[in-house]
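Trainee: Chains as they are written, first to last, in this note's numbering: chain A, 1 to 505; chain B, 506 to 846. For every residue, glycine included, the Cβ atom is placed at its ideal position computed from N, Cα and C. Since this is a predicted model, take the numbers as computed values, not measurements.
1) Suppose the cutoff is 8 Å on Cβ atoms and the five residues either side in sequence are ignored; what does the same chain contact list for residue 190 of chain A look like?
2) Is the stretch 125-144 of chain A close to the stretch 92-112 of chain A, with three or more CB pairs under 8 Å?
3) Cα-Cα, which of A:330, A:304, A:326 is closest to residue 315 of chain A?
4) Give me the chain A residues within the contact set of residue 713 of chain B, using Cβ-Cβ distance strictly less than 7 Å, ordered along the chain.
5) Mind checking residue 242 of chain A: buried by the 16 CB within 10 Å criterion, or exposed?
6) Is the Cβ of residue 385 of chain A closer than 8 Å to any Cβ of chain B?
7) For a contact defined as C-beta to C-beta under 9 Å, what are the partners of residue 726 of chain B on chain A?
8) Can you give me the start and stop residues for the alpha helix (DSSP H) that residue 16 of chain A sits inside?
9) Does the separation of the CB atoms of residue 383 of chain A and residue 209 of chain A fall below 8 Å?
10) Grouping DSSP H, G and I as helix and E and B as strand, with all else coil, what is residue 271 of chain A?
11) Helix, strand or coil, according to DSSP, for residue 243 of chain A in the structure here?
12) What does the Cβ neighbour count give for residue 602 of chain B, buried or exposed, with the cut at 16 atoms within 10 Å?
13) Of all the residues that make up the stretch 321-334 of chain A, which are near chain B by a beta-carbon distance shorter than 9 Å?
14) Reducing DSSP to helix, strand and coil, say where residue 290 of chain A ends up.
15) Could you tell me which residues DSSP puts in a beta bridge with residue 481 of chain A?
16) I'd like to check one pair, residue 186 of chain A with residue 151 of chain A: are the Cβ atoms closer than 8 Å?
17) For residue 381 of chain A, report the span of its beta strand (DSSP E) as first-last.
18) List the residues of chain D whose Cβ lies closer than 9 Å to the Cβ of residue 65 of chain A, in chain order.
19) Note down, in chain order, all residues in the stretch 386-413 of chain A with a beta-carbon under 8 Å from any beta-carbon belonging to chain B.
20) List, from N- to C-terminal side, the beta strand (DSSP E) runs of 3 residues or more that fit wholly inside the stretch 24-80 of chain A.
21) So, are the CB atoms of residue 739 of chain B and residue 696 of chain B less than 8 Å apart?
22) In terms of DSSP beta bridges, what is residue 211 of chain A paired with?
23) What in chain A is Cβ-close to residue 732 of chain B, meaning under 8 Å?
24) Looking only at its chain, what residues have a beta carbon closer than 7 Å to the beta carbon of residue 154 of chain A, apart from the 5 residues adjacent to it on each side?
25) Please classify residue 501 of chain B as buried or exposed, where buried requires at least 16 neighbouring CB atoms within 10 angstroms.
26) With distances taken from CA atoms, which of A:107, A:239, A:451, A:40 is nearest residue 412 of chain A?
27) So, is the C-beta of residue 718 of chain B closer than 8 Å to a C-beta in chain A?
28) Are the CB atoms of residue 387 of chain A and residue 398 of chain A within a distance shorter than 8 Å?
29) Distance, Cα to Cα, residue 627 of chain B vs residue 746 of chain B?
30) Can you pull out the residues from the stretch 772-801 of chain B whose beta carbon lies closer than 7 Å to at least one beta carbon of chain A?
31) Is the number of C-beta pairs between the stretch 453-471 of chain A and the stretch 279-286 of chain A that are closer than 8 Å three or more?
32) Check residue 203 of chain A in the structure and name its three-state DSSP category.
33) For residue 594 of chain B, count the other beta carbons within 10 Å of its own beta carbon; 16 or more makes it buried, fewer makes it exposed. Which is it?
34) Are the Cβ atoms of residue 811 of chain B and residue 547 of chain B separated by less than 8 Å?
35) Measuring CA to CA, which of A:194, A:363, A:427, A:408 is closest to residue 157 of chain A?
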């Protein structure tokens with residue numbers, strides 16, 4: 001393409017411990033165009049943007065902006081060079097006014113005082129230009145999420161940006177507001193501003209883009225002009241790879257239904273009306289995009305979150321799982337998504353971390369616990385699950401992610417659960433440990449335990465599960481038989497309710 | 506059998522990073538001894554043991570609260586309230602200024618149980634504020650501190666005798682609190698024996714019981730504890746209440762040791778207790794700490810207090826020294842964490 005570029009990211013490589021997050025990515029942005037970035041969760045889109053803004057340092061590669069080689073030290077540095085970003089998560093000071101949020105860090109000054117008048121006029125001018133009807137003096141927290149999103153977009157524009165990266169800017173917008181955003185984007189294009197547009201919503205991509213780049217597993221799969229590519233092609237490119245033998249074989253004979261969840265609905269808007277039944281010895285997967293309500297569903301089932309309505313039946317009789325303690329007594333176990341946040345006790349020993357959910361088993365008498373029983377149990381767990389640790393008294397925080405995960409799995413196996421809820425059980429752990437975890441899951445299923453697993457890796461779900469429920473925007477978008485399903489089907493179901501203003505907001 | 510060579514280098518490294526506080530305190534004590542060699546006498550040793558006994562009990566109680574990511578500022582004033590109430594019920598029958606002139610002499614156990622029950626309730630209230638009402642522990646116990654001081658003062662300062670220290674404590678109690686057993690050249694105060702019993706009970710509670718493990722879990726990571734099926738709120742409530750029970754026991758012992766009580770009894774004890782814990786390696790971020798560490802911390806603090814007075818350092822300067830030790834200990838603690846993350 002003999003065009004000139006406003007931004008060139010050449011051969012960008014970024015490695016995190018154990019993961020190659022970006023592998024030789026080259027992205028070139030033409031002035032006055034919308035360049036869409038697509039890919040599954042974890043494909044590396046956000047990482048690439050963080051590299052652009054200088055939040056992450058590059059391992060290799062160079063960034064050329066406006067003909068100059070640049071190396072931003074952080075977002076503030078990037079903003080000074082007129083590159084701004086609308087983040088997926090809204091970062092606003094909710095107790096301060098809209099205009100203060102927009103000009104934070106660069107207030108117009110009159111001597112040593114902030115020039116409120118000037119700030120108001122500047123904000124008003126931008127809002128008028130963009131046709132945004134928000135009072136600059138009102139507190140950010142008083143606005144609807146959609147309005148806050150528009151304010152955030154106005155803020156990004158206020159830096160006289162030449163390139164604006166937008167990460168899922170429409171996730172909280174209704175159809176009318178999306179149309180409004182697109183009018184703004186078209187206006188910006190006319191001014192020569194380039195937009196890097198990240199979204200999962202296929203229709204939007206096809207409507208607004210000039211170029212589409214697809215990423216997968218940290219690699220760039222293809223960059224095409226919009227009118228040279230179709231929706232189906234994009235999905236194929238995103239999903240791509242063939243399934244290899246990365247999953248242990250298993251022959252399943254699902255038994256009777258053990259768990260029935262009927263119309264479970266979250267207290268908030270995270271998910272609603274989810275119904276499943278789970279058979280003895282079955283592994284049920286839950287697929288969906290980030291924010292589809294998968295984690296919230298599992299956490300509600302385990303009593304970490306409050307439910308609004310719905311019933312849970314275990315072996316035909318209704319149970320109350322309103323707290324994790326009750327869930328544990330009912331034979332449930334839960335591996336949470338954020339291991340560090342609510343999984344491990346990082347400073348405490350492997351031994352402590354293993355036994356904490358099953359202390360009643362080690363009682364010597366009414367008061368005391370038996371060190372001998374504890375030691376025996378921990379030794380057995382460590383060898384059964386092949387946990388690699390210097391010794392059982394080492395702090396679990398010193399172990400690798402995979403071994404930490406095995407310890408927590410061990411903690412729950414000691415409670416002798418019948419139903420295991422696993423939220424992203426293999427996230428952030430290496431391939432070998434992943435395989436071991438799949439094997440443990442298979443063994444448990446063979447012993448007649450039932451498993452529900454949330455995962456963002458579709459090949460993993462297809463390789464490990466018997467059936468897969470897909471959630472989309474807080475709603476159940478279908479249950480597929482894993483043997484008959486493929487990634488395109490999962491992808492389509494995941495996007496089923498996404499374009500609707502829907503449950504999640 | 507493999508023998509492990511003594512790794513002097515790593516021992517020194519640890520001594521001068523994580524354990525630097527002990528090194529500093531060691532030199533402080535050496536300094537005291539150099540200035541006044543008589544400090545090293547059996548008499549001083551016994552005095553230090555006696556003085557540190559109640560401090561240890563109080564520090565262990567405050568340490569439990571620190572362990573569950575709390576911080577109890579009401580320690581001193583709770584001891585004050587328990588002290589004036591128990592003292593008023595433990596006056597000698599023939600003492601002239603009895604608060605309740607017509608009261609029969611009560612067995613020690615009666616006022617003891619009364620203040621234990623009262624403090625358990627008060628501690629439970631703090632625990633409920635922290636656990637269920639999500640009040641930050643410092644604020645909840647600060648408010649509690651003010652209320653308790655007010656209550657103790659109203660109880661204490663009233664006709665006919667007004668703000669007179671409540672004296673004439675029955676000899677049955679004072680004998681217990683100032684008496685001792687002679688072991689050869691060493692006099693072992695009864696108070697020290699009580700402290701040792703408390704230490705043993707606490708050690709078992711912390712290390713060998715379900716409650717102890719849950720306490721470490723709640724302090725180490727409350728979210729993970731909740732997910733693991735620990736009733737976090739219940740553990741918090743029990744911890745605050747149990748600490749308060751120990752304050753009540755310490756208050757009665759203090760009444761016996763001092764021989765009187767007033768509304769200023771116990772003033773500032775929370776600071777000594779927290780300082781002992783911090784010096785003894787309890788993390789202000791919760792979840793880390795040991796009974797042994799707290800006991801050593803409390804002993805070191807008493808030695809320094811006593812030693813500084815012994816060589817005639819003025820009270821005001823002692824405050825400055827203590828303040829700096831606390832600050833230093835917390836800085837070391839925080840740096841330990843900063844490195845790990």
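Mentor: The structure says:
1) Within the first chain, residue 190 of chain A is the residue found at index 190, counting from 1. Result list for residue 190 of chain A: 32, in chain order.
2) yes
3) The count along the first chain starts at 1 and reaches residue 315 of chain A at position 315. Comparing Cα positions, the closest option is A:330.
4) If you number the second chain from 1, residue 713 of chain B lands on position 208. Neighbours of residue 713 of chain B on chain A, chain order: 368, 369.
5) Along the first chain, one-based indexing puts residue 242 of chain A at 242. At residue 242 of chain A, the pLDDT of 47 sits below 50, so the modelled position is not reliable; the number obtained from the coordinates is stated separately. If you draw a 10 Å sphere on the C-beta of residue 242 of chain A, you find fewer than 16 other C-beta atoms in it, and that means exposed.
6) If you number the first chain from 1, residue 385 of chain A lands on position 385. So no, residue 385 of chain A is outside the interface.
7) Here residue 726 of chain B is taken as the residue at index 221 of the second chain, counted from 1. By Cβ distance, chain A contributes 340, 341, 342, 343, 344, 345, 346, 347, 348.
8) Translated into positions along the first chain, residue 16 of chain A becomes position 16. For residue 16 of chain A, there is no enclosing alpha helix (DSSP H); the enclosing beta strand (DSSP E) has its first and last residue at 7-16.
9) Along the first chain, read from residue 1 onward, the residue named residue 383 of chain A stands at position 383. Along the first chain, read from residue 1 onward, the residue named residue 209 of chain A stands at position 209. Not closer than 8 Å, so no.
10) On the first chain, residue 271 of chain A is found 271 positions in, with the first residue counted as 1. In the structure shown, residue 271 of chain A sits in coil (DSSP, three-state: anything other than H, G, I, E or B).
11) What you label residue 243 of chain A is simply residue 243 of the first chain in a count that begins at 1. Note on residue 243 of chain A: pLDDT 41, under 50, position unreliable in the model; the coordinate value appears next. Three-state DSSP puts residue 243 of chain A in coil, outside helix and strand.
12) Position 97 of the second chain, counted from the first residue, corresponds to residue 602 of chain B. Classification for residue 602 of chain B: exposed.
13) 323, 324, 325, 326, 327, 328, 329, 334
14) As a working note, residue 290 of chain A is residue 290 in the first chain. Residue 290 of chain A falls in the coil class under three-state DSSP.
15) Sequence index remark: in the first chain, residue 481 of chain A carries index 481 (1-based). BP columns for residue 481 of chain A point to A:467.
16) The residue given as residue 151 of chain A occupies position 151 in the first chain. The residue given as residue 186 of chain A occupies position 186 in the first chain. For residue 151 of chain A and residue 186 of chain A, no; Cβs fall outside 8 Å.
17) Position 381 of the first chain, counted from the start, is the residue given in the question as residue 381 of chain A. Careful: residue 381 of chain A lies outside any beta strand (DSSP E), inside the alpha helix (DSSP H) at 371-384.
18) No chain D appears in this structure, whose protein chains are A and B.
19) 397, 411
20) Runs found: 34-38, 60-65, 68-70.
21) For the purposes of this step, residue 739 of chain B is identified with residue 234 of the second chain, where counting begins at 1. For the purposes of this step, residue 696 of chain B is identified with residue 191 of the second chain, where counting begins at 1. Cβ distance not < 8 Å, so residue 739 of chain B and residue 696 of chain B don't count as in contact.
22) Residue numbering aside, residue 211 of chain A sits at position 211 when the first chain is read from its first letter. Looking at the DSSP assignment, residue 211 of chain A forms a beta bridge with A:35, A:225.
23) Locating residue 732 of chain B in the second chain gives position 227, where the first residue counts as 1. Chain A residues near residue 732 of chain B: 302, 304, 324, 334, 336, 342, 343.
24) Counted from its first residue, the first chain places residue 154 of chain A at position 154. Cβ within range, chain order: 102, 126, 127, 130, 132.
25) Outside the shown range of chain B, which is 506 to 846, sits residue 501 of chain B, and nothing can be said about it.
26) Residue 412 of chain A sits at position 412 when you count from the first residue of the first chain. For the residues A:107, A:239, A:451, A:40, the minimum Cα distance to residue 412 of chain A belongs to A:451.
27) Your numbering for residue 718 of chain B matches position 213 in the second chain. Answer yes: the Cβ-Cβ gap between residue 718 of chain B and chain A drops below 8 Å somewhere.
28) The residue you call residue 398 of chain A lines up with position 398 of the first chain. The residue you call residue 387 of chain A lines up with position 387 of the first chain. No, the Cβ-Cβ distance between residue 398 of chain A and residue 387 of chain A is not below 8 Å.
29) Here residue 627 of chain B corresponds to residue number 122 of the second chain, with the count starting at 1. Here residue 746 of chain B corresponds to residue number 241 of the second chain, with the count starting at 1. When rounded, the distance between both Cα atoms is 7 Å.
30) 792, 793
31) yes
32) Counting from 1 along the first chain, the entry for residue 203 of chain A is found at position 203. Residue state, collapsed to three classes: helix.
33) On the second chain, residue 594 of chain B is found 89 positions in, with the first residue counted as 1. So residue 594 of chain B counts as buried.
34) As a working note, residue 811 of chain B is residue 306 in the second chain. As a working note, residue 547 of chain B is residue 42 in the second chain. For residue 811 of chain B and residue 547 of chain B, no; Cβs fall outside 8 Å.
35) For this step, residue 157 of chain A is matched to residue 157 along the first chain. Minimum Cα distance to residue 157 of chain A is reached at A:194.
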